[in-house]
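> My questions all concern the structure below.
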Amino acid sequence: MKLEMLTIRRFSTSSLKILLISLLFLNGCLAKEKPKRSVIVTPDEEKVRDAEGYKAISEIHREMDDDHSGSIDRKETTGFMMEDMQMRQSDRARKEQAFHGNDDAITIDDLWEAWFESKERAWSVEEIAEWLLNVVNLPMYVDKFKELKIDGAYLPRLAMQNQTFMVNKLDIRSSVHRQKLRLNALDVVLFGHRDHSNRIKDIALALSLVLLSAFILLYIRLQKKSSQEKQELSSRLMQLKSMEDEFQHAQKNWNEERSKRSNSEETGISQIEVENLKIQLEEAERRHVLNHSFFINTVSLRN
Ligand SMILES: *[C@@H]1O[C@H](CO)[C@@H](O)[C@H](O)[C@H]1NC(C)=O
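All the letters of the sequence shown, read from the start, carry residue numbers -31 to -1, 1 to 272 under mature numbering (1 follows the signal peptide of the UniProt record, and there is no 0).
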C-alpha cells in the first residue's frame, strides 16, 4: 500500500519536473531576441548614410504619386495597389489603412520615416534569406543574396521599377523572377511584413501555460486524494485491530467460563450468562470477518 502511494507521488514529481523543464526550453526557443539599434540616428542623417536606399524610396514615391503633387493620397494608393501590385480587393482595404492611418497625403519624408523606423529595415542578411526562401519563394538566389550581404536596407532597391540593381548586381535574368521579387519587396516596404509564425508562437506559449496550470491542479488533487486514502486506510486498520482485541477478549472470557463450569457445576453460573457470552463472541467474530473482507476489498480495488 505504502509502496504504491510512494510510486504515485514519485511519478508525479518526476513528470512535473520533466514537463517544467521542457516548457522552459520551449519558451526559451520561442522568445527570440529583437534586434537593437545601438546608435541613435535621425531619419535625416540616415538619408545621407543610406543614399541609395533614400533614392529608391523617392523613386517608389514618384511611381505612386500619379498627379505629381508631391504626396500620395488614398486614391493613388488604391490605384497603385490595383494596377502595379495586382492586389486583391480583400487585401487592399486593410493595407490602405495600414499605409495611410490618419494621413491622407504621404510625402517622400513621411514614407522615408516610416521605412526608417520599420523593423523590416533592420532585417539581417539571414532574415532576408529566410524571407526570400519562404515568402518570395525564390530559393535559387539565396546564396547570391548571402554572398552580397543583402540585408533589410536593400529592400527599397528591390522594390523600384528600375531593375538595373537586380539585373546587374544580383544577376537575376528572368523577368518573371524580378517581377515576383519586386512585388514582394514593395509589399514589405510599403505595408510591412506580417509574421504569421509570431502568432503561432503566441498560441504555443498560451497553450503551454494552460497545460502547466492544468498539470499543477491535477498534481495537487492527486496528492490530496492519496493522503486522504492513506488516512482512511489507517483508521480502518486501527478499527480492525480493536475488533481483533475485542474478539480475543471475548474468546478468553468464554474459555474461562467454560472451564469454571466444568470444574464446579455447583458454583452456579446461570445458563443465561453462558448464552450471553456465546452471543457476544459470535457477534465479535462476525464483525471481525466483515471488516476483514472489507479491508481486503479496498486493497484489491486500489490495485
Ligand atoms: C536605372 O538606374 C540606373 C542606375 O541605377 C540608371 O543608370 C538607369 O538610367 C536607370 N534606368 C531608367 C530607365 O531610369
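Every residue, glycine too, gets a C-beta built ideally from N, C-alpha and C. Quantities reported herein were computed from a predicted structural model and do not represent experimental measurements.
Which residues bound the alpha helix (DSSP H) around A98?
Against the sequence shown, residue 98 aligns to sequence position 129. V94 to W100 is the extent of the alpha helix (DSSP H) around A98.
> With respect to 6 Å, is the separation between the Cβ of N153 and the closest non-hydrogen atom of ligand 1 below this value?
As a working mapping, residue 153 is identified with position 184 in the sequence shown. No.
> Could you work out which residue in L117, D214, L101 and L150 is closest to K138 when comparing CA atoms only?
Looking up residue 138 in the sequence shown gives position 169. Among L117, D214, L101 and L150, the Cα nearest to that of K138 is on L117.
> Going along the chain, which unbroken runs of the alpha helix (DSSP H) with 4 or more residues stay wholly within the region 101 to 155?
Complete alpha helix (DSSP H) runs here, min 4: 111 to 116 and 124 to 128.
> Name the residue from P125, R205, K199 and K64 whose alpha carbon lies nearest to the alpha carbon of M50.
Counting from one through the sequence shown, the residue named residue 50 turns up at place 81. Measuring from the Cα of M50, the nearest candidate turns out to be K64.
> Measure the Cβ-Cβ separation of V157 and L124 and say whether it is below 7 Å.
Walking along the sequence shown from the start, residue 157 turns up at place 188. Walking along the sequence shown from the start, residue 124 turns up at place 155. Yes, these two residues count as a Cβ contact at 7 Å.
> Please determine whether the Cβ atom of residue 273 lies at a distance below 6 Å from any heavy atom of ligand 1.
Nothing about residue 273 can be read from this structure; the chain reaches only from -31 to 272.
> Which residue from D214, I172, V243 and K221 puts its Cα closest to that of R230?
For the purposes of this step, residue 230 is taken as residue 261 along the sequence shown, with counting starting at 1. Here the closest residue by C-alpha is V243.
> Nearest by alpha-carbon distance to I119: which of V104, V10, A91 and Q132 is it?
Against the sequence shown, residue 119 aligns to sequence position 150. Residue A91 is the option with its Cα nearest to I119.
> Use the C-beta contact count for K194: other C-beta atoms within 10 angstroms, 16 or more gives buried, fewer gives exposed.
Counted from its first residue, the sequence shown places residue 194 at position 225. Exposed: under 16 other Cβ atoms inside 10 Å.
> Report the residue from Q200, E96 and H30 whose alpha carbon sits nearest the alpha carbon of A74.
In the sequence shown, counting from the first residue as 1, residue 74 sits at position 105. Looking at the Cα atoms, H30 is the closest of the given residues.
> Distance check for I169 and A83, CA to CA, integer angstroms please.
Walking along the sequence shown from the start, residue 83 turns up at place 114. Walking along the sequence shown from the start, residue 169 turns up at place 200. The alpha-carbon atoms of A83 and I169 are separated by roughly 27 Å.
> Curious, which full-length alpha helix (DSSP H) runs of at least 4 residues does the region 34 to 77 contain?
As far as the region 34 to 77 is concerned, its whole alpha helix (DSSP H) runs of at least 4 residues are 43 to 52 and 58 to 69.
> Mind checking which residues open and close the alpha helix (DSSP H) that includes residue 277?
A query on residue 277 cannot be resolved here, the shown segment of the chain reaching from -31 to 272 and no further.
> When you compare each of R256, K247 and S204 to E225 by their alpha carbons, which one comes out closest?
Numbered from its first residue, the sequence shown carries residue 225 at position 256. Ranking R256, K247 and S204 by Cα distance to E225 puts K247 first.
> Of all the options S87, V17, S27 and S203, which has the alpha carbon lying nearest to the alpha carbon of A67?
Residue numbering aside, residue 67 sits at position 98 when the sequence shown is read from its first letter. When only C-alpha atoms are compared, the closest one is S87.
> From A98 to F114, what does the alpha carbon distance come to, in whole angstroms?
Numbered from its first residue, the sequence shown carries residue 98 at position 129. Numbered from its first residue, the sequence shown carries residue 114 at position 145. Distance between the alpha carbons of A98 and F114 is about 7 Å.
> On the premise that D72 lies in contact with D79, defined as a C-beta separation below 8 Å, what is that separation, rounded to the nearest angstrom?
Against the sequence shown, residue 79 aligns to sequence position 110. Against the sequence shown, residue 72 aligns to sequence position 103. The Cβ separation is near 7 Å, so the contact holds.
> Give me, in chain order, the residues of the same chain whose beta-carbon lies closer than 8 Å to that of H261; leave out the 5 immediate sequence neighbours on both sides.
Within the sequence shown, the letter at position 292 stands for residue 261. So the qualifying residues of the chain are L209.
> Using three-state DSSP, classify K170 as helix, strand or coil.
The residue you call residue 170 lines up with position 201 of the sequence shown. If DSSP states are grouped into helix, strand and coil, K170 belongs with the helices.
> Is the region 55 to 63 touching the region 35 to 42, taking contact as three or more C-beta pairs under 8 Å?
No, they do not touch.
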